[in-house]
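For the sequence shown, this note's numbering gives the first residue as 690, with consecutive numbering after it. Note that beta-carbon positions come from the ideal geometry of N, C-alpha and C, so glycine has one too. Values in this document were obtained by computation on a predicted structure and should not be read as measured data. Just below is one structure, and these are the notes that go with it.
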Amino acid sequence: MLSDLLQFSIDALTLGSLYALMALGLVIVYGILRLVNFAYGELIMVAGYTLYLLGGSPLPWLVMAVMAIVMAIFTGIATELVAFRPVRERSVTAVLITSFAFSTLLQNAALLFISPRSRQVPLPDLFSEVVQIGEIIVPVRNLVTIASTILLLALFALILRRTVLGMALRAAASQFRMARMVGVPANLIISTAFAISGLLAGVVSLLWFGRIGSVVPGIGLEPLLVAFIATVIGGMRSLPGAVIGGYVLAMIDTGFNYLLPQDLLAFRDAFTFSIVIFILLWRPQGLMAGPATGQRT
Numbered sequence: 690m691l692s693d694l695l696q697f698s699i700d701a702l703t704l705g706s707l708y709a710l711m712a713l714g715l716v717i718v719y720g721i722l723r724l725v726n727f728a729y730g731e732l733i734m735v736a737g738y739t740l741y742l743l744g745g746s747p748l749p750w751l752v753m754a755v756m757a758i759v760m761a762i763f764t765g766i767a768t769e770l771v772a773f774r775p776v777r778e779r780s781v782t783a784v785l786i787t788s789f790a791f792s793t794l795l796q797n798a799a800l801l802f803i804s805p806r807s808r809q810v811p812l813p814d815l816f817s818e819v820v821q822i823g824e825i826i827v828p829v830r831n832l833v834t835i836a837s838t839i840l841l842l843a844l845f846a847l848i849l850r851r852t853v854l855g856m857a858l859r860a861a862a863s864q865f866r867m868a869r870m871v872g873v874p875a876n877l878i879i880s881t882a883f884a885i886s887g888l889l890a891g892v893v894s895l896l897w898f899g900r901i902g903s904v905v906p907g908i909g910l911e912p913l914l915v916a917f918i919a920t921v922i923g924g925m926r927s928l929p930g931a932v933i934g935g936y937v938l939a940m941i942d943t944g945f946n947y948l949l950p951q952d953l954l955a956f957r958d959a960f961t962f963s964i965v966i967f968i969l970l971w972r973p974q975g976l977m978a979g980p981a982t983g984q985r986t
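Rendered as structure tokens:
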């Protein structure tokens with residue numbers, strides 16, 4: 690019984706760490722612009738294909754991983770420059786359309802210039818090793834995922850609370866118009882938010898592909914959907930809520946993996962969405978409401 694509880698805890702923490710980083714990358718942009726970046730999943734795809742393309746090179750894996758994260762950051766900034774900045778002052782509809790268009794553009798570029806088929810990404814031997822904790826066998830990649838997420842969340846919290854950039858980001862997320870009036874450079878803050886979103890997506894890609902091992906052009910849809918559901922659960926305007934929502938969603942998913950009989954596992958997503966609906970009926974604003982909204986323009 691104790692070993693089952695430990696196994697469940699590690700599995701939920703591992704999946705929750707991934708979900709939390711995904712949700713945080715999505716909500717940091719929404720918190721400032723009040724707009725969902727529907728091209729967010731493609732940042733993970735770009736990082737994955739960067740790893741694949743560098744796979745035949747003599748570079749160490751850590752160097753390839755850093756380059757994949759850098760490419761995700763650059764793509765995040767490009768998303769803001771191409772899909773958001775030219776139309777964000779006009780209408781929400783225009784931004785949604787350009788966001789979808791940029792997402793489709795990236796997917797089709799992968800289809801045309803690389804391959805529509807699944808491609809294996811290079812992974813270090815560490816990701817295939819296991820360790821024994823008590824009576825259970827745990828993949829090392831799960832422990833790496835948990836530790837990496839804790840360190841990244843701690844660093845992110847420190848930046849938000851102790852640096853000028855962090856204070857500017859929090860001010861813009863709370864009252865964007867007021868922040869602009871007191872001299873916060875709007876375009877710089879927005880680009881920084883997209884860069885941080887790309888950084889988180891890049892880290893997620895390394896951990897995500899460490900689990901599945903391959904990349905396809907449509908790989909970004911599942912992380913985007915997971916991130917969106919987690920932010921809705923936690924609160925679309927709350928950074929801590931996004932993290933909490935990610936762990937809550939992971940606990941629900943993992944719980945159904947353990948509790949449902951084998952013939953009902955195919956309907957796990959339906960049960961998960963039912964629980965999400967009940968949570969939103971109880972807390973329509975999410976588990977954490979976040980700061981009062983300000984105007985985005």
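Have a look at the DSSP bridge pairing and note the partners of residue i.
{"i": "Q989", "result": "An answer regarding residue 989 cannot be provided, because it is not within the stretch 690 to 986 covered by the chain."}
{"i": "Q796", "result": "DSSP, once it has assigned bridges, lists no residue as partnering Q796."}
{"i": "V905", "result": "DSSP, once it has assigned bridges, lists no residue as partnering V905."}
{"i": "R808", "result": "V904"}
Please report the straight-line C-alpha distance between residue i and residue j, rounded to a whole angstrom.
{"i": "Y947", "j": "F960", "result": "13 angstroms"}
{"i": "Y708", "j": "I901", "result": "15 angstroms"}
{"i": "Y741", "j": "P811", "result": "6 angstroms"}
{"i": "D942", "j": "Y719", "result": "25 angstroms"}
{"i": "L976", "j": "G930", "result": "7 angstroms"}
{"i": "G983", "j": "L849", "result": "Below a pLDDT of 50, predicted positions are generally treated as unreliable, and G983, at 45, falls in that range; no measurement from the model is reported."}
{"i": "I918", "j": "T793", "result": "21 angstroms"}
{"i": "G823", "j": "I878", "result": "47 angstroms"}
{"i": "L913", "j": "D958", "result": "15 angstroms"}
{"i": "L724", "j": "A712", "result": "14 angstroms"}
{"i": "L840", "j": "L732", "result": "21 angstroms"}
{"i": "I908", "j": "L896", "result": "14 angstroms"}
{"i": "G872", "j": "L858", "result": "13 angstroms"}
{"i": "V965", "j": "P906", "result": "28 angstroms"}
{"i": "N846", "j": "S706", "result": "Note that residue 846 is Ala in the sequence shown, not Asn. When rounded, the distance between both Cα atoms is 15 angstroms."}
{"i": "L832", "j": "F956", "result": "29 angstroms"}
{"i": "I796", "j": "T739", "result": "Contrary to the premise, residue 796 reads as Gln rather than Ile in this sequence. Approximately 14 angstroms, taken between the alpha carbons."}
{"i": "G934", "j": "A884", "result": "22 angstroms"}
{"i": "L970", "j": "M867", "result": "33 angstroms"}
{"i": "Q809", "j": "A860", "result": "42 angstroms"}
{"i": "G891", "j": "V759", "result": "7 angstroms"}
Excluding the 5 residues preceding and the 5 following residue i in the sequence, name in chain order all residues of the same chain whose CB lies nearer than 7 angstroms to its CB.
{"i": "A767", "result": "none"}
{"i": "F789", "result": "F727"}
{"i": "A875", "result": "R869"}
{"i": "L889", "result": "L710, L713, G714"}
{"i": "F697", "result": "T943, Y947"}
{"i": "L910", "result": "G730"}
{"i": "S894", "result": "I733, A736, G737, A757, A761"}
If residue i sits next to residue j, beta carbons under 8 angstroms apart, how far is it from one beta carbon to the other, in whole angstroms?
{"i": "V904", "j": "G737", "result": "3 angstroms"}
Excluding five sequence neighbours on each side, which residues of the same chain lie with their C-beta closer than 8 angstroms to the C-beta of residue i?
{"i": "Q821", "result": "V827"}
{"i": "W750", "result": "P811, L812, P813"}
{"i": "R774", "result": "N876, I879"}
{"i": "F763", "result": "G887"}
{"i": "L704", "result": "A939, D942, T943"}
{"i": "T787", "result": "V771, A772, F773, P775, V776"}
Once the 5 residues before and after residue i are set aside, which same chain residues still bring their CB inside 6 angstroms of it?
{"i": "A915", "result": "Ala is not the amino acid found at residue 915; the sequence shown has Val there. For V915, where only same-chain residues beyond five positions count, the Cβ hits under 6 angstroms are Y708, M711."}
{"i": "L702", "result": "I835"}
{"i": "V937", "result": "I922"}
For residue i, would you say it is in contact with chain B, using Cβ-to-Cβ distances shorter than 7 angstroms as the test?
{"i": "V776", "result": "Here there is only one protein chain, and chain B is not present."}
- prompt: Okay, do the segment 801-815 and the segment 918-926 touch, 3+ Cβ pairs below 8 angstroms being the bar?
  reply: Contact fails between the segment 801-815 and the segment 918-926, because fewer than three Cβ pairs, one in each stretch, are under 8 angstroms apart.
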